[in-house]
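Going letter by letter, the sequence shown gives residues 6 to 165 in my numbering.
First comes the structure, then the notes that go with it.
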Amino acid sequence: MLLNTIKIKSNTLANFRKMFNTRTILTYFILVLLVPFSITEKHNRPNSIQKRRSPEPDEPRHTSGCHSCRMREEIKQRNLMVIKDEILRRIGFEEAPNITGKALPQVPSEYLMRIEEENGGMQSDQPQFRSGYTVVEEEDDYHVRTQQIIAYAQPCAYLR
């Protein structure tokens, strides 16, 4: 009986050693396969904000300059995309409508004449000498400048 118990224990111990060696070998094999991939993934990761969309073709792609300038430009582009997406979401569109090739209507001549009378003969750098209260808006170079205007079609007023 004692001899059988010793044989069972020795068989169990032998099986444990075989299993331990197999697990150890398997573990080392997996480590050898996976470690090089995880190291290369960490080194290839850029240290900048990832965009969810690729840049549009008309957007300039900055490849030179200091890191903070690139980050600032990337944040600026990201903010523009967020603003555009939010405007489209609020008006119920998933993407901007394509109006390529559509002819815009001509500006009526009475509007052009009124603009000419108000600003007639004045150069853009001349001061405006008007009496009374005037509002002067300064150019704001810190915030985003308008680069694209999206116009949506509306039915004509006299057809309603």
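Don't be surprised by glycine CBs; every beta carbon is placed ideally from N, CA and C.
- Looking from the CA of Ile104, the closest CA among Gln82, Cys161, Gln153 belongs to Gln153.
- In the structure shown, the three-state DSSP call for Asn84 is helix.
- Taken through DSSP and simplified to helix, strand or coil, Arg77 comes out as helix.
- Spanning the alpha carbons of Leu117 and Glu142 requires a straight line of approximately 23 Å.
- Between Pro160 and the set Ala101, Pro110, Glu91, the nearest pair of CA atoms involves Pro110.
- Straight-line measurement puts the Cα of Glu100 at about 31 Å from the Cα of Ser73.
- Bounds of the alpha helix (DSSP H) holding Tyr116 are 114–124.
- Note on geometry: alpha-carbon atoms of Leu85 and Ala162 lie some 33 Å from one another.
- In the three-state reduction of the DSSP assignment, Ile92 falls in the helix class.
- Looking at Glu122, Cys71, Glu91, the one whose alpha-carbon comes closest to that of Ser114 is Glu122.
- In the displayed model, Ala108 falls within coil according to three-state DSSP, outside both helix and strand.
- Rounded to the nearest whole angstrom, the CA to CA distance from Arg94 to Ile155 is 14 Å.
- When DSSP states are grouped into helix, strand and coil, Tyr138 belongs to the coil group.
- Cα atoms of Gly97 and Tyr138: separation of roughly 40 Å, rounded to the nearest angstrom.
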